[in-house]
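Numbering (the numbering used here), first residue to last: 365 to 784.
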Ligand code: UGA
């Protein structure tokens, strides 16, 4: 069944969702307030870097258009998927002002529509759909959720850089909803997907998303702590992770020790969950430690660096990798950020290279030097912060290399690894 779908927000979640649903045969309208982004999408050019997105947009050009006109897009579609950002406030709690405006717009249009399904894909804390979103929609439209319009909470589990594969071949699809008509529409939307579709309440769907991200972040901080001890004991943590990973109850995934986790999701979601728990009078002490371990982890690289160069003042230190992980230009909460701050404090001359993320990093650190890989390697020492594939091809012979991401080929240098 081909559907007409509008999507609010063209960040990597919104655009990937749109492109993948178009690939599935649906007609998609992507809405964004940014005219430049809209123009690019209409030319078949993604405004963000995401593997495979370019091809998918071009291939499905007929089935996906972008506009700034939210009103018409919602009116002319059967379903609206909300993929607007939910950034953190200073205290770690989430800022719902973007999604509030989005739902107000939808509420106004619901007044004029017989039936419409609203899908919440933005990451929102448990209780948000029931206590915040539905009341806005009902108040503005004067209609009743589950009777006059449908609503579903459908969290995304898309990794940046692998988002298209994750969308088209998911491990599971979670749909929180409470009326049969919406449930059937959502099941139809995902009918060609070969994975379990789990129907839950709204609040459960919201919590599944947070608990999943928090658990994955916990796995990484866990292996990093074990890794720090392994380092002291002369053990290669990757041997330990491989050995553990054969146990299906544990699994090898997300046990790569290194400089820690960053990105637009784990840091924000873990902190928001901690803040939400506080509101209920509960303390998430494990997660508090997960964050603390992650804050300290990148600085281990500086400790190792100082073992090689005791006085860093005036030394040229190269950074390979600024993105929070490979295959993205996203630098949000990248582990390179605390490392660069520390290196500037230590009065070193920082020279940095990243295949995709230099422009974004320049906005944060305009004064450090941005160079080609060769120049970066020509420093007094090099720190590796992202596991880009191209870093495997460099010639590290004779260079002091401190590796936070396990680039085997760098072992040809005067090499030290963070947890191995
Ligand atoms: C994460 C989740 O993996 C997705 O399932 C989720 O949908 C998404 O957040 C979200 O909430 O939107 P993402 O932030 O794109 O996806 O990145 P990951 O691939 O999960 O990596 C996060 C960080 O952990 C990166 O900095 C990465 O370098 C680090 N990491 C990952 C490790 O240090 N070790 C590992 O073994 C795996």
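Quick reminder that beta carbons are idealized off the backbone N, C-alpha and C, glycines included.
Bear in mind that the values here come from a model prediction, so they are computed numbers and not experimental data.
DSSP state of residue i mapped onto helix, strand, coil
{"i": "residue 680", "result": "strand"}
{"i": "residue 513", "result": "strand"}
{"i": "residue 429", "result": "strand"}
{"i": "residue 365", "result": "coil"}
{"i": "residue 779", "result": "strand"}
{"i": "residue 591", "result": "helix"}
{"i": "residue 644", "result": "coil"}
{"i": "residue 701", "result": "helix"}
{"i": "residue 610", "result": "coil"}
{"i": "residue 383", "result": "helix"}
{"i": "residue 655", "result": "helix"}
{"i": "residue 631", "result": "helix"}
{"i": "residue 465", "result": "helix"}
{"i": "residue 692", "result": "coil"}
{"i": "residue 471", "result": "helix"}
{"i": "residue 687", "result": "coil"}
{"i": "residue 598", "result": "coil"}
{"i": "residue 586", "result": "helix"}
{"i": "residue 579", "result": "helix"}
{"i": "residue 488", "result": "coil"}
{"i": "residue 665", "result": "helix"}
{"i": "residue 522", "result": "coil"}
{"i": "residue 476", "result": "coil"}
{"i": "residue 378", "result": "helix"}
Opposing strand residues paired with residue i [DSSP bridges]
{"i": "residue 715", "result": "682 and 733"}
{"i": "residue 325", "result": "Because the chain is modelled from 365 through 784, residue 325 falls outside the range shown and cannot be assessed."}
{"i": "residue 444", "result": "370 and 482"}
{"i": "residue 540", "result": "517 and 564"}
Residue range of the beta strand (DSSP E) that includes residue i
{"i": "residue 368", "result": "368–372"}
{"i": "residue 394", "result": "391–395"}
{"i": "residue 565", "result": "No beta strand (DSSP E) holds residue 565; DSSP gives it neither H nor E."}
{"i": "residue 765", "result": "764–767"}
Distance cut-off 7 Å: residue i Cβ against heavy atoms of the ligand UGA
{"i": "residue 577", "result": "yes"}
{"i": "residue 532", "result": "no"}
{"i": "residue 606", "result": "no"}
{"i": "residue 689", "result": "yes"}
{"i": "residue 416", "result": "no"}
{"i": "residue 580", "result": "yes"}
{"i": "residue 629", "result": "yes"}
{"i": "residue 506", "result": "no"}
{"i": "residue 590", "result": "no"}
{"i": "residue 633", "result": "yes"}
{"i": "residue 520", "result": "yes"}
{"i": "residue 708", "result": "no"}
{"i": "residue 619", "result": "yes"}
{"i": "residue 549", "result": "no"}
{"i": "residue 375", "result": "no"}
{"i": "residue 502", "result": "no"}
{"i": "residue 487", "result": "yes"}
{"i": "residue 685", "result": "no"}
{"i": "residue 625", "result": "yes"}
{"i": "residue 622", "result": "yes"}
{"i": "residue 445", "result": "no"}
{"i": "residue 584", "result": "yes"}
Delimiting residues of the alpha helix (DSSP H) encompassing residue i
{"i": "residue 747", "result": "Note, residue 747: premise wrong, no alpha helix (DSSP H); beta strand (DSSP E) at 745–748."}
{"i": "residue 438", "result": "434–439"}
{"i": "residue 422", "result": "417–423"}
{"i": "residue 529", "result": "527–532"}
{"i": "residue 725", "result": "722–728"}
{"i": "residue 499", "result": "498–505"}
{"i": "residue 399", "result": "399–406"}
{"i": "residue 742", "result": "It is not in any alpha helix (DSSP H) - residue 742 carries neither H nor E in the DSSP assignment."}
{"i": "residue 673", "result": "It is not in any alpha helix (DSSP H) - residue 673 carries neither H nor E in the DSSP assignment."}
Check: residue i C-beta below 7 Å from any heavy atom of the ligand SAH
{"i": "residue 523", "result": "With respect to the ligand SAH, the structure offers nothing, as its ligand set consists of the ligand UGA."}
Open item on the list: Closer than 8 Å is the cut-off here; do at least three beta carbon pairs connect the segment 554–574 with the segment 525–540?
Closed with: yes
TODO: Give a yes or no on contact between the segment 629–648 and the segment 666–678, applying the rule of three or more CB pairs nearer than 8 Å.
DONE: no
Open item on the list: With three or more C-beta pairs closer than 8 Å as the rule, is the segment 722–730 touching the segment 742–758?
Closed with: no
Task: Three CB pairs or more closer than 8 Å across the segment 384–404 and the segment 420–432 - done: yes
Task: Cβ contact (3+ pairs, closer than 8 Å) linking the segment 551–561 and the segment 404–418 - done: no
Open item on the list: Quick test of the definition: if touching needs 3 or more C-beta pairs under 8 Å, does the segment 577–590 touch the segment 651–664?
Closed with: yes
Open item on the list: Quick test of the definition: if touching needs 3 or more C-beta pairs under 8 Å, does the segment 441–455 touch the segment 410–420?
Closed with: no
Task: Stretch-stretch touch, CB-based, cutoff 8 Å, three pairs: the segment 468–485 with the segment 428–446 - done: yes
TODO: Check whether the segment 755–763 touches the segment 620–634, counting contact only when three or more Cβ pairs, one atom from each stretch, lie closer than 8 Å.
DONE: no
Open item on the list: Closer than 8 Å is the cut-off here; do at least three beta carbon pairs connect the segment 680–694 with the segment 712–720?
Closed with: yes
TODO: Tell me, please, whether the segment 621–629 touches the segment 696–711 by the rule of three or more beta-carbon pairs shorter than 8 Å.
DONE: yes
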